[in-house]
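Colleague:
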Amino acid sequence: MATVRNRLVREAAARGKYSPLYRHLTALTGPAWRVTFSEIEVILGFGLPDSARLYRPWWSNPKRDAGHSHALAWQAAGWKTRAVDLESEALVFERVEAPSDGVEAGPAGAAFDLDEVWPAIPGGSWPAGFTLSREQIYDDSGRLTGGPDDEAEQRDRTAECS
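According to my numbering, numbering within the sequence shown proceeds without interruption in unit steps and concludes at 231.
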């Protein structure tokens with residue numbers, strides 16, 4: 070099951086906005102690649118967002134409960150970032166060692182486990198006794214009201230005026 074999901078993630082990374090970076094990384098040989106932000110922009114064919122130049126977390130390697138398309142692109146290709154230098158606008162991509170736990174290897178021979186990088190989070194159940202109807206959310210004109218709390222506030226205001 071996980072191998073199917075991993076394959077689908079790699080296929081999505083190969084089609085997504087950051088697919089040129091994904092394809093470039095899968096074609097690289099060697100354990101590391103030092104690169105500048107400008108070189109990455111040439112590979113991508115568009116400029117990096119301002120946040121990539123301002124905030125080190127943009128370049129982070131998410132572990133749990135996080136993940137953005139740019140980070141999934143390098144992780145699905147079997148790489149991680151390190152030595153991010155915002156002053157010189159450079160970083161190092163480092164190949165991730167393939168674990169020996171039988172996880173399917175990616176195109177570059179590195180392992181990728183979607184459940185580790187971007188796990189499913191159960192949403193939980195509704196509180197006991199919670200009900201919600203369309204009438205509680207929208208007014209007669211189809212405009213969003215405020216839900217059950219808005220209705221209760223209207224009742225309270227009506228009671229105060231009486």
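Beta carbons are placed, not taken as given, at the ideal position from N, Cα and C, and that holds for glycine. Bear in mind the structure is a predicted one, so any value in this text is a computation, not a measurement.
Considering only C-alpha positions, which residue in the set Arg212, Glu163 and Gln144 is nearest to Arg151?
Modeller: The count along the sequence shown starts at 1 and reaches residue 151 at position 82. Comparing Cα positions, the closest option is Glu163.
Colleague: If you reduce the DSSP assignment to three classes, tell me which class Ala197 lands in.
Modeller: If you number the sequence shown from 1, residue 197 lands on position 128. If DSSP states are grouped into helix, strand and coil, Ala197 belongs with coil.
Colleague: Report the residue ranges of all alpha helix (DSSP H) runs contained in full by the region 70-113; include only those spanning at least 4 residues, in chain order.
Modeller: Taking only runs of at least 4 residues, the alpha helix (DSSP H) segments lying wholly in the region 70-113 are 71-84, 88-96 and 106-113.
Colleague: Helix, strand or coil for Leu160? Go by DSSP, reduced to three states.
Modeller: To locate residue 160, count along the sequence shown from 1; it is residue 91. In the structure shown, Leu160 sits in a strand (DSSP, three-state: E or B).
Colleague: Measuring CA to CA, which of Leu97, Gly99, Thr72 and Lys86 is closest to Pro118?
Modeller: Within the sequence shown, the letter at position 49 stands for residue 118. For Pro118, the nearest C-alpha among the options comes from Lys86.
Colleague: Which residues share a DSSP beta bridge with Tyr207?
Modeller: Your numbering for residue 207 matches position 138 in the sequence shown. For Tyr207, which the question treats as bridged, DSSP gives the partners Leu213.
Colleague: Could you check the C-alpha separation between Thr214 and Glu204 for me, to the nearest Å?
Modeller: Indexing the sequence shown from 1 puts residue 214 at position 145. Indexing the sequence shown from 1 puts residue 204 at position 135. C-alpha separation (whole angstroms): 9 Å.
Colleague: Taking just the CA atoms, how far does Pro100 sit from Val153?
Modeller: One-based indexing of the sequence shown puts residue 153 at position 84. One-based indexing of the sequence shown puts residue 100 at position 31. Using only the alpha carbons, I get a separation of about 17 Å.
Colleague: Tell me whether the beta-carbon of His93 lies closer than 7 Å to the beta-carbon of Ile112.
Modeller: By one-based count along the sequence shown, residue 93 stands at place 24. By one-based count along the sequence shown, residue 112 stands at place 43. A contact, by the Cβ cut-off of 7 Å.
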